[in-house]
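All you need for the numbering used here is the position in the sequence shown, starting with 1, plus 1133. Here is the structure we will look at.
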Amino acid sequence: MRKWLLVFGLACLVAAQETVDESAIAKIRSEEMEHSQILHTLHMLTDRYGPRLTGSPNYESAAKWAVSQLTEWGFKNAHLEPWDFGHPGWMNERAAGYMVAPVRENLKFEVLGWTPSTRGTVTGPAIEVIVPQGPFPTPLPPTDAAAAGGRGGRGAPQRLPPTKEEMIQWVQDTKDKVRWKIVLVGKAAVVPVNFNPPQLRRDDAAVKQSYDPDNPNAGRGGRGGGTPPAEPGRLTAAQVTEMVDAMLLENGALLRINDAGMGHGLIRAFQNRTYDSAKVVPTVVLRNEDYGRIERLLQDGEDVRLEFNIVNRDYPEGKTAYNVVAEIPGTDKADEIVMLGGHLDSWHAATGATDNAIGSSMMMEAARLIQALKLKPRRTIRVGLWAGEEEGLLGSKAYVEQHFGTFENPKPEWATLDCYFNIDSGTGRVRGANIFGPPEAAAVLRPVLALFEDFGVAGANSTSSRATGGTDSTSFNAAGLPGIGLAQDPIEYQSFTWHTNLDTYERIVPDDAMKAASTIAAAVWHVANREQMIPRFGKEQMPPPAKAPAR
Ligand SMILES: [Zn+2]
1134 MRKWLLVFGL
1144 ACLVAAQETV
1154 DESAIAKIRS
1164 EEMEHSQILH
1174 TLHMLTDRYG
1184 PRLTGSPNYE
1194 SAAKWAVSQL
1204 TEWGFKNAHL
1214 EPWDFGHPGW
1224 MNERAAGYMV
1234 APVRENLKFE
1244 VLGWTPSTRG
1254 TVTGPAIEVI
1264 VPQGPFPTPL
1274 PPTDAAAAGG
1284 RGGRGAPQRL
1294 PPTKEEMIQW
1304 VQDTKDKVRW
1314 KIVLVGKAAV
1324 VPVNFNPPQL
1334 RRDDAAVKQS
1344 YDPDNPNAGR
1354 GGRGGGTPPA
1364 EPGRLTAAQV
1374 TEMVDAMLLE
1384 NGALLRINDA
1394 GMGHGLIRAF
1404 QNRTYDSAKV
1414 VPTVVLRNED
1424 YGRIERLLQD
1434 GEDVRLEFNI
1444 VNRDYPEGKT
1454 AYNVVAEIPG
1464 TDKADEIVML
1474 GGHLDSWHAA
1484 TGATDNAIGS
1494 SMMMEAARLI
1504 QALKLKPRRT
1514 IRVGLWAGEE
1524 EGLLGSKAYV
1534 EQHFGTFENP
1544 KPEWATLDCY
1554 FNIDSGTGRV
1564 RGANIFGPPE
1574 AAAVLRPVLA
1584 LFEDFGVAGA
1594 NSTSSRATGG
1604 TDSTSFNAAG
1614 LPGIGLAQDP
1624 IEYQSFTWHT
1634 NLDTYERIVP
1644 DDAMKAASTI
1654 AAAVWHVANR
1664 EQMIPRFGKE
1674 QMPPPAKAPA
1684 R
């Protein structure tokens, strides 16, 4: 960029003047196509170290492996940065479950995180208890989350939770029925056959339109949002489950079973939200097909008997969790930092390949491309891999707090972070970028992304939302820093792999992952070398912090 243009500082001129280092970018592309390491990185993070639940020994091993791999590639200052998770680590070691009467069958399930072991093998009659529910919310919430580019299609609208009085009465009526029982909590979900399977790729025309700088509606579809606020006078879903758990524990239930509620044997197993395994009975999430079968047999009046043997372990040292950080030092602007990263932790039902071993692999790979080509960036390029994303963006929030502070209460480093690129939507190739900042910020990214039109990359837009939610880039946005969320083709993310027992190495599309890594490397290289840092909101334009961060 020439100096005289800065005098005018007009966004259109700056955008028009953005020069891109096409020869370095051509080298980045061929290095990735010829010497990609991405599948090896993925293999180590999934097959060797997965699942990577925050605070678990597996997570720590994966993080230490990443540090040594980055060091081996020639990165500087690769290390673990501790932060206080505040809960023990937890891992499941073995789990077997069977129906033993009236027919014999092995059950397909996952263990809920931070729940206790069974006392050896436990066998008991199954019963089903139905927690009271409130009415449907008015108006009904929109269900088409996918259309908004968000995550987590919520399916059919859910009824509101009960009131506290209704729950107290229900506990009174139910508590004497659960001793020595294996308790199915809730009615089996009805999961109809889907006659309209979701698209694997985003529609080209729609993607182009959503990143068109002249489209007044462009820029929708950033991550964020969260659960609707609790209704006054009604419990939250978490409070309801806490009351059920307390009742089961106090009254001697053997085990709690939740319905996975998804088709095709899919199971998502999250955590006991207290993170205290002493507060709950052993708990599993059973595939909907087994849950429904047991329910139907119980409705026939059959004496259904189940047997479980579960071994879990708590790890007190997991209270301290670790982010992974490594750098390619800059040259004349080494004090300014361009960051790229994603979360390294996962849920535990599978090896967390699409969420988010592949994202971590893409970011490690993007930085490796620059390092391997011996390109010398002007600014320092820093890779950050986070723990605790799945429990509420905890690792990236801790990092932002420790290093940057906020716009309102900044640390010295706040002014030196140029931007942070984040990826966390599965295996799909990159289709666009969404940066927190003024429209001029997106204009910086557009010319470099335009070189990847053949990979399906459509462009960039900007957001002014400081709400946290969805993924780690929003931890930066919340602090008023230029977080960049990369949008991807969905492939099988929402439909099959996101947080499920099918999230494994096999579900990765290598070509898409390699294209994503090249695109990101080029964008990082571009930002790290331009004369100015990316334009950001000044005092006048900075939106106020979001009120109630929700996930
Ligand atoms: Zn994720």
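Glycine is no exception: its CB is placed at the ideal position from the N, C-alpha and C atoms. Just so it is clear, the structure is predicted and the values come from calculations on it, not from any experiment.
In DSSP terms, what residue i is bridged to
i: ASP1644; result: None, per the DSSP bridge assignment.
i: SER1595; result: ILE1568
i: GLU1440; result: TYR1231 and THR1256
i: GLN1404; result: GLY1246
i: ASP1392; result: LEU1419
i: GLN1621; result: VAL1563
i: MET1472; result: ARG1515 and TYR1553
i: MET1224; result: ARG1446
i: GLY1538; result: PRO1543
i: GLY1616; result: TYR1553
i: VAL1262; result: VAL1318
i: GLU1238; result: MET1232
i: THR1633; result: ARG1401
i: LYS1310; result: BP columns for LYS1310 are empty, so no partner.
i: LYS1466; result: ARG1512
Close Cβ partners of residue i (< 6 Å) along its chain, the five nearest in sequence each way excluded
i: ILE1315; result: GLY1257, ALA1259, LEU1387, LEU1388 and LEU1439
i: ASN1489; result: GLY1475, HIS1476 and ASP1557
i: LEU1382; result: VAL1414
i: GLU1238; result: MET1232
i: ILE1390; result: LEU1317, VAL1417 and LEU1419
i: SER1651; result: ILE1161, ARG1162 and GLU1165
i: TRP1519; result: ASN1456, HIS1476, GLY1528, SER1529 and ASP1605
i: MET1472; result: ARG1515, GLY1517 and TYR1553
i: THR1174; result: SER1494 and MET1497
i: THR1513; result: GLU1460, PRO1462, GLY1463, ALA1467 and ILE1470
Own chain partners of residue i with C-beta closer than 8 Å, once the 5 adjacent residues on each side are dropped
i: ALA1351; result: GLN1342, SER1343, TYR1344, ASP1345 and ASN1594
i: ALA1279; result: Because the pLDDT of ALA1279 is 39, which lies under 50, any placement of that residue in the model is unreliable, and the number read from its coordinates should be weighed accordingly. Here the set comprises GLY1286, PRO1331, PRO1623 and GLN1627.
i: ASN1405; result: LEU1245, GLY1246, TRP1247, THR1248, ASP1378, LYS1412, VAL1413 and THR1416
i: GLU1673; result: none
i: ARG1227; result: ASN1442, ILE1443 and VAL1444
i: LEU1368; result: PRO1294, PRO1295, THR1296, LYS1297, MET1300 and MET1376
i: THR1464; result: LYS1509, PRO1510 and ARG1511
Host beta strand (DSSP E) of residue i (start-end)
i: ASP1217; result: 1209 to 1217
i: TYR1455; result: 1453 to 1461
i: LEU1317; result: 1315 to 1318
Sub-8 Å separation of residue i and residue j beta-carbons
i: TYR1455; j: ALA1196; result: yes
i: LEU1203; j: MET1497; result: yes
i: GLU1534; j: GLY1528; result: no
i: THR1484; j: PRO1184; result: yes
i: GLU1460; j: ARG1515; result: yes
i: VAL1304; j: MET1380; result: yes
i: THR1560; j: ALA1499; result: no
i: THR1549; j: ILE1427; result: no
i: TRP1480; j: ALA1402; result: yes
i: ALA1600; j: ALA1679; result: yes
i: LEU1186; j: ASP1478; result: yes
i: SER1189; j: MET1224; result: yes
i: THR1487; j: THR1630; result: yes
i: LEU1505; j: ILE1400; result: Looking at the sequence provided, one finds Ala at residue 1505 rather than Leu. Against a cut-off of 8 Å, the Cβ pair of ILE1400 and ALA1505 comes out as no contact.
i: GLY1253; j: VAL1324; result: no
i: GLU1261; j: LEU1431; result: yes
Boundaries (first-last residue) of the alpha helix (DSSP H) holding residue i
i: GLN1342; result: 1337 to 1343
i: SER1558; result: No alpha helix (DSSP H) contains SER1558, which DSSP labels as neither H nor E.
i: LYS1160; result: 1155 to 1168
i: ASN1610; result: 1606 to 1611
i: HIS1173; result: 1171 to 1176
i: LEU1381; result: 1370 to 1383
i: ASN1350; result: It is not in any alpha helix (DSSP H) - ASN1350 carries neither H nor E in the DSSP assignment.
i: THR1307; result: 1297 to 1307
i: VAL1200; result: 1190 to 1205
i: LEU1502; result: 1491 to 1505
Neighbourhood of residue i by C-beta, 7 Å cutoff - its chain only, sequence neighbours within 5 removed
i: ASP1392; result: GLY1319, ALA1321, ALA1322, LEU1419, ASN1421 and TYR1424
i: ILE1667; result: ASP1551, CYS1552, GLY1570, ALA1574, VAL1577, PRO1615 and VAL1660
i: LYS1544; result: HIS1536, PHE1537 and GLY1538
i: VAL1153; result: PRO1580, VAL1581, LEU1584 and HIS1659
i: MET1376; result: MET1300 and VAL1304
i: VAL1590; result: VAL1563, ARG1564, GLY1565, LEU1582 and THR1652
Proximity test, residue i beta-carbon vs ligand 2 heavy atom, cut-off 7 Å
i: ASP1347; result: Ligand 2 is absent from the structure shown, which contains only ligand 1.
is_contact[residue i, chain D] using C-beta, thresh 8 Å
i: PHE1242; result: Note that chain D does not occur in the displayed structure, where there is just one protein chain.
Near ligand 1, which residues have their beta-carbon less than 5 Å from any of its heavy atoms, given in chain order?
This selection yields ASP1488, ASN1489 and ASP1557.
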